[in-house]
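First residue of the sequence shown: 54, per the working numbering; consecutive thereafter.
Even for Gly, the Cβ is constructed at its ideal location relative to N, Cα and C.
Here the structure is laid out as structure tokens; the discussion comes afterwards.
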Amino acid sequence: MQVFFAEAAFILLLSVCILAAIRHVIQFRVAIANIQNHPGYRVLLNTASYLASACPEIKGIAFGYDNQIHNKRNSYEWAGWDLISVVSAFPRVTTELFLTDAAAIKEVTMSRHRFPKPIDEYAILLFFGSNIVASEDEDWKRVRKIVAPAFSDRNNRLVWDETQLIMLDLFNNVWGDRKEIVVDHCVDITLQIALSVISVAGFGRRIYWRDNQATPIGHSMTFKEALHTVCTDIIPILIMPKWAMGLTKRLRKVRVAFEEFEKYMVDLIQDRKTLEKKEQRYDLLSSLLDANDDEDLGVAKLSTKELFGNIFIFLFAGHETTAHTLCFTFALLALYPDEQDALFQHIKKLLPDDRLPTYDEMPLFTHSLAVFYETLRLFPPVTVIPKISAQDTILKAGNAAGETKSIPVPKGTYLRIDVPGLHYNSRYWEDPHTFKPSRFLEDWPRDAFMPLSAGARACLGRKFTETEGVAAITMLVSRYKIEVKDEPQFAAESFEEKKARILKVAAVITQT
Ligand code: HEM
């Protein structure tokens with residue numbers, strides 16, 4: 054009798070599994086038919102699942118998300134369109150469209166209601182509290198109303214002035230009068246620049262290169278140490294369960310840094326509230342607190358948790374992105390001395406006497422901005438901008454032959470703006486693999502440049518990062534010549550080999 058029941062249960066389970074599999078196969082076929090079998094990949098694993106995103110491309114199994122992003126144009130050339138489809142089956146049937154067609158991308162970024170953010174994919178960023186990046190619809194509108202005024206012209210002025218002071222501090226107090234400075238990892242310098250800028254323009258706290266401040270009473274880390282760890286080691290706290298944060302020395306340090314940073318934020322907020330005579334301060338935190346108290350905005354205040362959420366998101370969105378862009382900029386200038394010289398000549402024409410330029414003069418430094426943009430084109434820090442279709446609709450895709458095609462986009466389709474794929478698309482950029490900042494000095498295809506997104510959900514820190522970039526590049530190039538370090542073991546390498554190596558690692562800076 055018992056054997057009979059076990060057999061029956063097994064057969065029942067098997068039948069359920071077979072039925073579920075058949076249903077899945079039917080859904081999969083319907084999904085493909087719904088996009089009129091537009092060329093692309095048919096795979097088992099969903100692209101956005103952690104398993105699949107870590108997986109290399111395996112035919113029929115995984116799309117190889119990272120591969121795709123690094124190969125830039127291969128899939129689009131193979132498909133013959135600047136839009137490819139990926140239909141995947143597990144854990145649920147999902148349709149994704151990867152876009153590198155500028156007109157289609159413009160349509161997606163300009164229609165927030167038709168193509169909102171797939172908020173489920175941002176859930177990880179809610180760890181710190183709800184925030185502007187990870188919200189949509191009415192929630193986003195409310196937070197944006199309070200947060201956006203902080204990114205004011207006065208804040209940008211602060212970014213400009215403080216970036217100059219931070220660079221001078223580096224030149225005078227760290228590098229001194231040495232004729233040659235050898236930097237093994239350029240990113241160590243640029244991470245510190247970006248950290249100091251966000252500290253002062255974000256939170257009103259100056260930190261110096263040679264900061265040997267004692268740990269204040271009531272804290273177990275200095276502000277600089279806590280901020281540095283929070284900025285550079287944010288991933289473990291996002292992905293590890295709470296209990297696991299005590300397992301190793303490094304994880305414990307990260308946990309303490311986050312607790313400490315939060316304590317410092319509480320102190321800073323308290324300071325701002327108890328200041329007897331309110332000084333005018335234009336750092337992001339002060340402006341955020343002012344806007345939060347502004348009844349005229351007509352929206353519900355941010356709670357303390359939401360304030361923290363947004364403060365953390367400024368760090369998350371703005372620190373590494375800017376630091377890595379600056380690092381690539383210096384590496385590219387070292388590899389292309391003619392481009393560096395053209396930039397140097399332009400700066401010298403504007404500043405023959407080595408004085409510090411003012412913020413109002415920033416628009417004159419067109420060449421510095423062009424170099425920053427060209428780096429962002431070649432090495433966009435954010436490679437995919439996700440959206441979802443809120444309705445059944447149609448997108449048009451083009452190709453190199455000048456043809457266009459309408460592709461049905463069913464409601465619930467994930468849209469992935471493939472930023473490197475767009476930036477290396479030869480329909481928009483001549484010689485897309487070449488570092489050529491001058492392309493940004495002429496009329497350039499604005500819709501084909503998407504490092505900071507566009508439309509209503511575009512980067513709020515755009516002017517912040519551009520101001521920091523232009524100030525830092527102008528200061529460094531006006532005083533130092535950037536070269537690739539001579540190393541005998543690499544004497545025989547070709548330019549392409551050197552480029553591949555340097556863009557992976559470091560640049561060297563010498564005084565002009
Ligand atoms: C090179 C530097 C930067 C790059 C490449 C960059 C890129 C981006 C991108 C692609 C988005 C859209 C993200 C999405 O759709 O999910 C975004 C949004 C955002 N960025 Fe940046 N960003 C940079 C610097 C900064 C800085 C310095 C800050 C602040 C200090 C900042 C603050 C923000 C905020 C608050 C948003 C959300 C805007 C909204 O949803 O309304 N970013 N950024």
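*Mapping DSSP to helix, strand and coil, what is Glu191?*
Sequence index remark: in the sequence shown, residue 191 carries index 138 (1-based). The answer is helix: DSSP assigns Glu191 an H, G or I state.
*Check whether the region 362-372 touches the region 413-424, taking contact to mean three or more Cβ pairs, one atom from each stretch, closer than 8 Å.*
no
*Could you check the C-alpha separation between Ala453 and Gly133 for me, to the nearest Å?*
As a first step, residue 453 must be located in the sequence shown, where it is residue number 400. As a first step, residue 133 must be located in the sequence shown, where it is residue number 80. Those two C-alpha atoms are separated by around 8 Å.
*Which parts of the region 333-385 are runs of the alpha helix (DSSP H), unbroken and 4 residues or longer, counting only runs that do not cross its ends?*
337-345
_Less than 6 Å between C-beta atoms, sequence neighbours within five positions excluded: which residues of the same chain meet that for Gln564?_
Here residue 564 is taken as the residue at index 511 of the sequence shown, counted from 1. Because Gln564 sits at a pLDDT of 42, beneath the cut-off of 50, its placement in the model cannot be relied upon, and the point is left open.
_Once DSSP output is grouped into helix, strand and coil, what is the label at Ser421?_
In the sequence shown, counting from the first residue as 1, residue 421 sits at position 368. Ser421: helix per DSSP, three-state reduction.
*C-alpha distance - Ser547 paired with Val212, whole-angstrom precision*: Counting from 1 along the sequence shown, the entry for residue 547 is found at position 494. Counting from 1 along the sequence shown, the entry for residue 212 is found at position 159. Whole-angstrom Cα-Cα distance: 40 Å.
*If you run the structure through DSSP and keep just helix, strand and coil, what is Lys571?*
This structure cannot settle anything about residue 571, because the visible part of the chain is limited to 54 through 565.
*If we ignore side chains and look at the alpha-carbon of each, how far apart do Asp445 and Pro463 end up?*
Residue mapping note: residue 445 aligns to position 392 of the sequence shown, counting from 1. Residue mapping note: residue 463 aligns to position 410 of the sequence shown, counting from 1. One C-alpha to the other measures close to 4 Å.
*Under three-state DSSP, which class holds Asp286?*
Here residue 286 corresponds to residue number 233 of the sequence shown, with the count starting at 1. DSSP places Asp286 in coil when its eight states are reduced to three.
*Which listed residue (Met298, Ile526, Arg510 and Met318) has its alpha carbon closest to that of Thr275*: Residue 275 sits at position 222 when you count from the first residue of the sequence shown. For Thr275, the nearest C-alpha among the options comes from Met318.
*Under the three-state DSSP convention, the category Leu179 falls into*: Here the question's residue 179 lines up with position 126 in the sequence shown. Here Leu179 sits in helix by DSSP.
*Look up Thr457 in the DSSP assignment and give the residues it is bridged to.*
Residue numbering aside, residue 457 sits at position 404 when the sequence shown is read from its first letter. Partner(s): Gly451.
*When every heavy atom of ligand 1 is checked, does at least one fall within less than 7 Å of the C-beta of Thr375?*
Residue numbering aside, residue 375 sits at position 322 when the sequence shown is read from its first letter. Yes, Cβ of Thr375 sits closer than 7 Å to a heavy atom of ligand 1.
_Using only CA atoms, which one of Arg210, Cys70, Trp262 and Asp394 lies nearest to Leu248?_
Taking the first residue of the sequence shown as position 1, residue 248 is located at position 195. For the residues Arg210, Cys70, Trp262 and Asp394, the minimum Cα distance to Leu248 belongs to Trp262.
*Within 10 angstroms of the Cβ of Ala524, are there 16 or more other Cβ atoms? Answer buried if so, exposed if not.*
Translated into the one-based positions of the sequence shown, residue 524 becomes position 471. Ala524 should be labelled buried.
*Would a C-beta distance cut-off of 8 Å place Ile555 and Val530 closer than the cut-off?*
The sequence position of residue 555 within the sequence shown is 502, counting from 1. The sequence position of residue 530 within the sequence shown is 477, counting from 1. Against a cut-off of 8 Å, the Cβ pair of Val530 and Ile555 comes out as no contact.
*Looking at Val30 and ligand 1, is the gap between the Cβ and the nearest heavy atom below 7 Å?*
Examination of residue 30 is not possible in this model, given that the chain is present from 54 through 565 alone.
_Close beta carbons around Val186, own chain, < 7 Å, minus the five adjacent residues each side_ = As a first step, residue 186 must be located in the sequence shown, where it is residue number 133. Excluding residues within five positions, the ones whose Cβ falls inside 7 Å are Tyr175, Leu178, Ile366 and Ala370.
*Examine ligand 1 and report whether any of its heavy atoms sits within less than 7 Å of the Cβ of Arg430.*
Stepping through the sequence shown from its first residue, residue 430 is reached at position 377. For Arg430, the Cβ stays outside the 7 Å cut-off from all heavy atoms of ligand 1.
*May I ask which residues mark the beginning and end of the alpha helix (DSSP H) holding Ala142?*
Your numbering for residue 142 matches position 89 in the sequence shown. Counting along the chain, Ala142 falls outside any alpha helix (DSSP H), though it belongs to the beta strand (DSSP E) covering Leu136 to Phe143.
_Lys125 vs Pro405 beta-carbon contact at 8 Å_ = Residue 125 sits at position 72 when you count from the first residue of the sequence shown. Residue 405 sits at position 352 when you count from the first residue of the sequence shown. Cβ atoms of Lys125 and Pro405: not closer than 8 Å.
*asked:* Within a Cβ cutoff of 6 Å, which residues of the same chain sit near Ala387, ignoring the five residues on either side of it in sequence?
replied: To locate residue 387, count along the sequence shown from 1; it is residue 334. Taken in chain order, the residues that qualify are Ile535, Glu536, Val537 and Ala560.
*Would you check if the distance between the CB atom of Leu150 and the CB atom of Ile158 is smaller than 8 Å?*
On the sequence shown, position 97 is the one that residue 150 refers to. On the sequence shown, position 105 is the one that residue 158 refers to. No, the pair does not count as a contact, with Cβ atoms beyond the cut-off.
_With a threshold of 7 Å (Cβ to nearest heavy atom), would Arg231 be considered close to ligand 1?_
Counted from its first residue, the sequence shown places residue 231 at position 178. Incorrect: Arg231 has no Cβ contact closer than 7 Å to ligand 1.
*For Thr436, does the three-state DSSP call read helix, strand or coil?*
As a first step, residue 436 is located in the sequence shown; it is residue number 383 there, counting from the start. Look at Thr436 here: in three-state DSSP terms it is coil, with no helix or strand label.
*Please state if the CB of Ile88 and the CB of Thr147 are separated by a distance shorter than 8 Å.*
As a first step, residue 147 must be located in the sequence shown, where it is residue number 94. As a first step, residue 88 must be located in the sequence shown, where it is residue number 35. Result no, Cβ atoms of Thr147 and Ile88 do not sit closer than 8 Å.
*Cβ of Leu150 within 7 Å of any heavy atom in ligand 1?*
Here residue 150 is taken as the residue at index 97 of the sequence shown, counted from 1. Outside the cutoff, so no.
*Could you give the distance in angstroms between the alpha-carbon of Arg210 and the alpha-carbon of Ile441?*
Indexing the sequence shown from 1 puts residue 210 at position 157. Indexing the sequence shown from 1 puts residue 441 at position 388. Those two C-alpha atoms are separated by around 36 Å.
*Among Leu223, Glu549, Leu280 and Gly255, which one has its Cα closest to the Cα of Thr243?*
Against the sequence shown, residue 243 aligns to sequence position 190. For the residues Leu223, Glu549, Leu280 and Gly255, the minimum Cα distance to Thr243 belongs to Leu223.
_Paired residues, beta bridge with Ala511 - DSSP_ = Your numbering for residue 511 matches position 458 in the sequence shown. Answer is none; Ala511 lacks a bridge partner.
*Can you tell me which of the three DSSP states Ile470 falls into?*
For this step, residue 470 is matched to residue 417 along the sequence shown. The three-state reading of DSSP puts Ile470 in strand, counting E and B together.
*So, Ser205 versus Ser340, is the Cβ gap smaller than 8 Å?*
Translated into the one-based positions of the sequence shown, residue 205 becomes position 152. Translated into the one-based positions of the sequence shown, residue 340 becomes position 287. The Cβ-Cβ distance between Ser205 and Ser340 falls below 8 Å.
*Please find out if some non-hydrogen atom of ligand 1 comes closer than 7 Å to the beta-carbon of Arg287.*
For this step, residue 287 is matched to residue 234 along the sequence shown. The sequence shown places Ile at residue 287, rather than the Arg named in the question. No, the Cβ of Ile287 stays beyond 7 Å of every heavy atom of ligand 1.
_For Ile470 and Val161, which I take to be in contact (beta-carbon distance under 8 Å), what is that distance rounded to the nearest angstrom?_
Residue 470 sits at position 417 when you count from the first residue of the sequence shown. Residue 161 sits at position 108 when you count from the first residue of the sequence shown. The pair is a contact, with the Cβ atoms about 7 Å apart (cut-off 8 Å).
*What do you get for Asp336, buried or exposed, if any count of 16 or more other CB atoms within 10 angstroms of its CB means buried?*
Position 283 of the sequence shown, counted from the start, is the residue given in the question as residue 336. When all chains shown are included, Asp336 counts as buried.
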